[in-house]
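Asks:
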Amino acid sequence: MRLSQYFLPLLRENPAEAQIVSHRLMLRAGMIRQSSAGIYSWLPLGLRVLKRVEQIVREEQDRSGAQEILMPTIQPAELWRESGRYDDYGKEMLRIRDRHDREMLYGPTNEEQVTEIVRAAIQSYRDLPKNLYHIQWKFRDEVRPRFGVMRGREFLMKDAYSFDLDMAGAKHSYNKMFVAYLRTFARMGLKAIPMRAETGPIGGELSHEFIVLAETGESGVFCDKAWLARDILGQDVEYDSDLEPMYAEWTRHYAATEDVHDPAKCPVAEADLVNARGIEVGQVFNFGTKYSKPMGAVVSLADGGNVPLEMGSYGIGVSRLVGALIEANHDDNGIIWPASVAPFHVGLINIRAADAKCVAAADELYGKLRAGGVMVLYDDRDESPGAKFATMDLIGLPWQLIVGPRGVAAGTLEVKNRRTGERQDLPVEAALNRIAAP
RNA sequence: CGGGGCGUGGCGCAGUCUGGUAGCGCACCUGCUUUGGGAGCAGGAUGUCGGAGGUUCAAAUCCUCUCGCCCCGACCA
151 MRLSQYFLPL LRENPAEAQI VSHRLMLRAG MIRQSSAGIY SWLPLGLRVL KRVEQIVREE
211 QDRSGAQEIL MPTIQPAELW RESGRYDDYG KEMLRIRDRH DREMLYGPTN EEQVTEIVRA
271 AIQSYRDLPK NLYHIQWKFR DEVRPRFGVM RGREFLMKDA YSFDLDMAGA KHSYNKMFVA
331 YLRTFARMGL KAIPMRAETG PIGGELSHEF IVLAETGESG VFCDKAWLAR DILGQDVEYD
391 SDLEPMYAEW TRHYAATEDV HDPAKCPVAE ADLVNARGIE VGQVFNFGTK YSKPMGAVVS
451 LADGGNVPLE MGSYGIGVSR LVGALIEANH DDNGIIWPAS VAPFHVGLIN IRAADAKCVA
511 AADELYGKLR AGGVMVLYDD RDESPGAKFA TMDLIGLPWQ LIVGPRGVAA GTLEVKNRRT
571 GERQDLPVEA ALNRIAAP
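The numbering used here applies: residue 151 is where the first sequence begins, and numbers increase by one.
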């Protein structure tokens with residue numbers, strides 16, 4: 151993509167309403183535009199990141215055996231009456247009426263919807279287990295939306311729902327999602343710590359929140375300081391094997407949100423306990439038969455009896471992750487994207503748009519990169535070098551290739567690593583190999 | 001939902017107290033000169049001052065109502 155043709159409305163100054171760094175940088179880098187409180191349009195650069203995050207989430211869900219569906223954003227109120235949540239959910243649920251005066255709502259979550267689908271389609275224990283997920287926009291009418299996409303009213307969420315015959319099966323489903331989440335966040339270069347958490351209005355007993363430690367995080371958390379030194383999960387997983395040892399390994403060190411943390415019962419000595427703030431990027435719940443029972447989602451057993459389904463639900467805040475990734479990856483000059491989610495892999499800068507030799511060299515390089523399947527953003531604008539460097543640093547592509555008169559004369563170009571700031575003058579082929587390395 | 005703040009060109013702001021018909025920086029357009037970390041000069045364009053009502057010869061400015069946004073707290077993927 152040529153930057154001269156790209157829709158990238160950059161802001162040089164910080165918008166007054168943006169208080170935290172990810173919100174500021176997303177606005178300045180032209181990723182999003184606010185529509186109303188907590189509701190955003192995603193512009194080309196932001197959407198590319200959102201789609202890449204979404205795709206990693208999707209791949210890891212699929213790998214774990216979950217199957218993707220797509221449920222509607224608008225749901226009928228009667229489903230929520232069946233579970234009893236229509237009255238419980240309160241003002242956070244956006245309620246609407248259609249032209250026939252039927253009560254509808256914009257879904258804040260989909261337990262009822264998916265339970266209805268499964269109870270109609272699954273009648274026998276032989277059809278279990280199942281895990282269905284979708285990646286869909288949600289709406290929760292927050293009293294006070296803030297922090298850009300980190301706490302929007304409208305947000306993109308991956309929510310998965312598991313259905314099992316018994317508790318043991320449900321725990322295995324829980325473990326699968328637990329491990330899939332470790333892998334998902336690890337692929338984005340995020341250290342997300344699984345912490346014991348409250349179950350909230352979704353209900354149930356067993357729950358973990360996946361928390362990325364960050365000073366700007368909204369959640370207060372406590373964890374064993376051993377977590378700070380732990381590496382992220384880097385291994386493949388055999389999902390059909392017994393995952394209990396892996397679950398045990400990743401819950402070995404204490405970690406809990408402040409809601410469930412009880413100093414009197416905490417197993418960690420005070421000197422080894424970290425009290426920090428964090429961003430919740432995912433949460434897993436097991437809630438048994440809370441929805442299957444009132445909604446009549448049952449299966450027949452071998453002996454002819456019926457049992458309600460054991461259920462769990464598993465959310466990842468996809469749009470929130472984009473903000474969380476920036477909170478975890480930035481410096482004074484702008485964003486520093488991990489390669490796995492970067493909107494482009496490399497920014498190609500021609501610092502002399504008026505110099506025919508530089509233009510020819512940069513154009514040729516651009517063609518080469520595209521032919522090689524490299525996602526490249528080519529700054530071919532007629533701007534000063536400083537402006538181009540500042541732009542590229544702001545939008546945070548992992549690599550910068552800089553074409554200038556010095557290099558063109560010497561047959562080299564400059565390779566800059568955005569994260570380390572390291573620069574090297576290399577011949578073209580060597581430069582292309584350099585950015586291909588991880 | 002309690003408390004506070006702010007709405008003036010795309011962005012950041014001044015002007016409001018003390019009423020006289022809107023200004024600055026950045027961005028934008030044209031031209032020339034520039035070019036390795038957000039260039040310079042000259043010229044130019046862009047505003048129902050959030051909205052409605054009122055007071056007044058005259059309202060961004062005073063009064064009333066209203067809408068929106070942000071911050072702190074209580075609540076949440």
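In this text, a Cβ means the ideal position worked out from N, Cα and C, and glycines have one as well.
1. Starting from the Cα of ASP251, find the closest Cα among ALA227, GLU420 and GLU533 and give me that residue.
2. Expressed to the nearest angstrom, what Euclidean distance is found between the alpha-carbon atoms of PHE335 and ALA489?
3. Find out if the Cβ-Cβ distance for the pair ILE285, VAL468 is shorter than 8 angstroms.
4. Which residues does DSSP pair with MET345 in a beta bridge?
5. Locate the beta strand (DSSP E) running through TRP287, then write down its first and last residues.
6. Which complete beta strand (DSSP E) runs does the region 485-513 hold, if anything under 3 residues is left out?
7. Do you know whose CA, among VAL524, GLN263, VAL496 and LEU220, lies nearest TYR236's CA?
8. Counting only the same chain and skipping the five closest in sequence on each side, list residues whose C-beta sits under 7 angstroms from that of SER323.
9. What is the DSSP secondary structure of MET254, reduced to helix, strand or coil?
10. What are the start and end residues of each continuous beta strand (DSSP E) run of 3 or more residues lying completely inside the region 381-435, in chain order?
11. Provide the residue(s) that pair with GLY370 in DSSP beta bridges, ordered along the chain.
12. What is the rounded straight-line gap between the Cα of LEU177 and the Cα of GLU408?
13. Can you tell me which of the three DSSP states MET317 falls into?
14. For ILE585, count neighbouring Cβ atoms within 10 angstroms of its own Cβ and tell me buried if that reaches 16, exposed if not.
15. At what residue ranges does the region 171-251 contain a whole run of the alpha helix (DSSP H), taking only runs of 4 or more?
16. Going by other Cβ atoms of all chains shown within 10 Å of its Cβ, with 16 needed for buried, is GLU365 buried or exposed?
17. Would you list the residues sitting across from GLN574 in a DSSP beta bridge?
18. Can you give me the start and stop residues for the beta strand (DSSP E) that GLU460 sits inside?
19. Measure the C-alpha to C-alpha separation of GLN550 and THR570 and round it to an integer number of angstroms.
20. Which whole-angstrom value describes the C-beta separation of VAL434 and MET327, a residue pair presumed to lie in contact below a C-beta threshold of 8 angstroms?
21. I'd like to check one pair, GLY497 with LEU547: are the Cβ atoms closer than 8 angstroms?
22. Residues bridged to PHE305 by DSSP?
23. Is the separation between the beta-carbon of TRP287 and that of LEU255 shorter than 8 angstroms?
24. Taking Cβ positions, are ALA342 and VAL410 nearer each other than 8 angstroms?
25. Answer yes or no: the CB of LEU160 versus the heavy atoms of the ligand ATP, is any distance below 7 angstroms?
26. Does LYS538 pass the burial test, meaning 16 or more other C-beta atoms within 10 Å, or should it be called exposed?
27. Looking at the structure shown, is GLN550 part of a helix, part of a strand, or coil, going by DSSP?
28. Helix or strand or just coil, what does DSSP make of ASN456?
29. Over what stretch of residues does the alpha helix (DSSP H) that includes VAL558 continue unbroken?
30. What is the residue span of the beta strand (DSSP E) that SER450 lies within?
31. Could you pull the DSSP bridge partners for ASP529 from this structure?
32. LYS566: which of SER357, GLN385, VAL553 and GLY302 sits nearest, CA to CA?
33. State the beta-bridge partners of HIS480 as determined by DSSP.
34. Which residues in the same chain have their Cβ closer than 7 angstroms to the Cβ of MET317, if we skip the five residues on either side of it in sequence?
35. Taking the beta carbon of PRO535 as the centre, do at least 16 other beta carbons fall within 10 Å, making it buried, or is it exposed?
36. Reducing DSSP to helix, strand and coil, say where PHE328 ends up.
Replies: Quick answer:
1. Start at 1 with the first residue of the first sequence, and residue 251 comes out as number 101. Residue ALA227 is the option with its Cα nearest to ASP251.
2. Start at 1 with the first residue of the first sequence, and residue 335 comes out as number 185. Start at 1 with the first residue of the first sequence, and residue 489 comes out as number 339. Near 13 angstroms, if we compare the C-alpha coordinates of ALA489 and PHE335.
3. Within the first sequence, numbered from 1, the residue matching residue 285 stands at position 135. Within the first sequence, numbered from 1, the residue matching residue 468 stands at position 318. Yes, they are a contact pair.
4. The residue given as residue 345 occupies position 195 in the first sequence. Paired residue(s): GLU359.
5. As a working note, residue 287 is residue 137 in the first sequence. Per DSSP, TRP287 belongs to the beta strand (DSSP E) from 280-289.
6. 496-500
7. Sequence index remark: in the first sequence, residue 236 carries index 86 (1-based). Out of VAL524, GLN263, VAL496 and LEU220, GLN263 has the C-alpha closest to the C-alpha of TYR236.
8. Counting from one through the first sequence, the residue named residue 323 turns up at place 173. Counting only Cβ-Cβ distances below 7 angstroms, and skipping sequence neighbours, we find PRO279, ASN281, SER312, ASP314 and GLY462.
9. To locate residue 254, count along the first sequence from 1; it is residue 104. Strand at MET254.
10. 405-407
11. Here the question's residue 370 lines up with position 220 in the first sequence. BP columns for GLY370 point to ARG427.
12. For the purposes of this step, residue 177 is taken as residue 27 along the first sequence, with counting starting at 1. For the purposes of this step, residue 408 is taken as residue 258 along the first sequence, with counting starting at 1. Whole-angstrom Cα-Cα distance: 31 angstroms.
13. Along the first sequence, one-based indexing puts residue 317 at 167. Here MET317 sits in helix by DSSP.
14. Along the first sequence, read from residue 1 onward, the residue named residue 585 stands at position 435. With 16 or more other Cβ atoms within 10 Å, it is buried.
15. 171-178, 194-213, 227-233 and 235-238
16. On the first sequence, residue 365 is found 215 positions in, with the first residue counted as 1. It counts as exposed.
17. Reading the first sequence from its first residue, position 424 is the one you call residue 574. DSSP output for GLN574 lists VAL565 as bridge partner(s).
18. Counting from 1 along the first sequence, the entry for residue 460 is found at position 310. Following the DSSP letters along the chain, one finds GLU460 inside the beta strand (DSSP E) bounded by residues 460-467.
19. Mapped onto the first sequence, residue 550 falls at position 400. Mapped onto the first sequence, residue 570 falls at position 420. Rounded to the nearest angstrom, the two C-alpha atoms are 12 angstroms apart.
20. Stepping through the first sequence from its first residue, residue 434 is reached at position 284. Stepping through the first sequence from its first residue, residue 327 is reached at position 177. Right, their Cβ atoms sit about 5 angstroms apart.
21. Taking the first residue of the first sequence as 1, we reach residue 547 at position 397. Taking the first residue of the first sequence as 1, we reach residue 497 at position 347. Closer than 8 angstroms, so yes.
22. Within the first sequence, the letter at position 155 stands for residue 305. PHE305 is bridged to LYS288.
23. As a working note, residue 287 is residue 137 in the first sequence. As a working note, residue 255 is residue 105 in the first sequence. No. Outside cutoff.
24. Sequence index remark: in the first sequence, residue 342 carries index 192 (1-based). Sequence index remark: in the first sequence, residue 410 carries index 260 (1-based). No, the pair does not count as a contact, with Cβ atoms beyond the cut-off.
25. Within the structure as shown, the ligand ATP is missing, as the structure has no ligands at all.
26. Along the first sequence, one-based indexing puts residue 538 at 388. By the neighbour-count rule (16 or more Cβ atoms within 10 Å), LYS538 is buried.
27. The residue labelled residue 550 in the question sits at position 400 within the first sequence. Strand, per DSSP.
28. Indexing the first sequence from 1 puts residue 456 at position 306. Reduced to three states, the DSSP call for ASN456 is strand.
29. What you label residue 558 is simply residue 408 of the first sequence in a count that begins at 1. Residues 555-560.
30. Counting from 1 along the first sequence, the entry for residue 450 is found at position 300. Its beta strand (DSSP E) spans residues 448-450.
31. As a first step, residue 529 is located in the first sequence; it is residue number 379 there, counting from the start. Answer is ILE499, bridged to ASP529.
32. The residue given as residue 566 occupies position 416 in the first sequence. The shortest Cα separation from LYS566 among SER357, GLN385, VAL553 and GLY302 belongs to VAL553.
33. The count along the first sequence starts at 1 and reaches residue 480 at position 330. Bridge partners of HIS480: ILE485.
34. As a working note, residue 317 is residue 167 in the first sequence. If we look at MET317 and ignore the five residues flanking it on each side, its Cβ neighbours are GLU460.
35. Here residue 535 corresponds to residue number 385 of the first sequence, with the count starting at 1. Burial call: exposed.
36. Start at 1 with the first residue of the first sequence, and residue 328 comes out as number 178. The answer is helix: DSSP assigns PHE328 an H, G or I state.
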